[in-house]
Each structure stands twice: as structure tokens, then as C-alpha cells.
């Protein structure tokens with residue numbers, strides 16, 4: 591049965607650089623983030639962001655390593671990010687990479703919805 595967690599994150603540092611790409615504005619980025627709520631900790635994410643010229647469409651994909659305490663369990667795991675945005679339509683999610691959990695979070699799996707205000711809702715499970 592999935593375990594429900596909610597929280598928020600803030601971006602502590604940003605390092606972004608544009609990439610040459612025909613038909614899109616592309617940016618390579620590395621952010622450090624801080625988490626609060628049911629998940630408390632920090633992370634580093636490396637990702638690509640793109641905006642379609644003149645269309646208002648946006649996309650990003652990324653990989654993030656999170657070191658945290660989640661519902662009292664300490665460890666780390668890796669997230670895969672995927673998001674699309676068009677106007678006010680926003681679809682962003684995390685998937686916990688299978689086998690990436692360490693410490694008391696070994697065996698973790700699950701998915702999260704990322705809300706536009708940087709809140710998140712995570713449904714996860716722990717094997718073993």
C-alpha cells in the first residue's frame with residue numbers, strides 16, 4: 591500500500607547556461623534545492639529545459655539526487671524528472687529510480703506530482 595507524503599522545495603542555487611538548438615530555446619541547468627514537509631533535506635538536480643519559439647510550450651527532463659529524512663527514515667534516492675507546460679496547463683512528475691535508495695530508504699520506489707508553486711505530493715513504497 592502506498593505511503594503518502596507532501597512537502598515543498600525552494601531553489602537555493604541556480605547555475606544555468608544556454609545551449610544552441612534550432613527551433614527551441616534550450617538551457618542546461620544545475621540547481622541545489624532544499625525540502626520541507628514530510629521530506630526534509632537537500633538535493634542537486636541536473637536538467638535540460640526547452641521553450642518552443644513563439645508557442646509558449648515548455649519542457650524539461652532531469653536527474654536529481656536527494657539526501658533526506660522521509661517520515662523519519664534517513665537516506666537518499668535518485669529522481670527522474672519529466673514536465674511539460676503550455677499556458678496554464680502544467681504536467682510535472684518525479685519517478686524514484688528503482689534500486690537507487692540508500693540507508694533507511696533502501697528499496698524505495700514511487701512517483702510524485704510537482705505542483706506549479708513547488709509543492710509536491712509523493713506516493714511511495716518501501717520494499718523489504
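In our numbering, the protein residues as written are 591 to 718. Glycine residues also receive a C-beta, built at the ideal position from the N, C-alpha and C atoms.
Best match in the options for proximity to residue i [C-alpha to C-alpha]
| i | options | result |
| --- | --- | --- |
| residue 617 | 600, 607 and 623 | 607 |
| residue 661 | 695, 677 and 638 | 695 |
| residue 664 | 591, 610, 716 and 599 | 716 |
| residue 680 | 702, 691, 706 and 692 | 706 |
| residue 640 | 654, 674 and 628 | 674 |
| residue 611 | 638, 595 and 591 | 638 |
| residue 699 | 666, 615 and 643 | 666 |
Beta-carbon proximity list for residue i, same chain, < 6 Å, skipping 5 on both sides
| i | result |
| --- | --- |
| residue 622 | 602, 603 and 634 |
| residue 593 | 714 |
| residue 624 | 600, 602 and 632 |
| residue 605 | 620 |
| residue 650 | 637, 639 and 673 |
| residue 682 | 673 and 704 |
Residues near residue i by beta carbon distance below 7 Å, same chain, minus five either side
| i | result |
| --- | --- |
| residue 626 | 597 and 598 |
| residue 676 | 646 and 647 |
Residue i, DSSP secondary structure in three states
| i | result |
| --- | --- |
| residue 597 | strand |
| residue 706 | coil |
(message) At 4 residues or longer, what runs of the alpha helix (DSSP H) sit wholly inside the segment 613–699?
(response) Within the segment 613–699, no complete alpha helix (DSSP H) run reaches 4 residues.
(message) Under 8 Å: do the segment 685–698 and the segment 663–675 share three or more Cβ pairs, one atom per stretch?
(response) With contact defined as three or more Cβ pairs closer than 8 Å, the segment 685–698 and the segment 663–675 are in contact.
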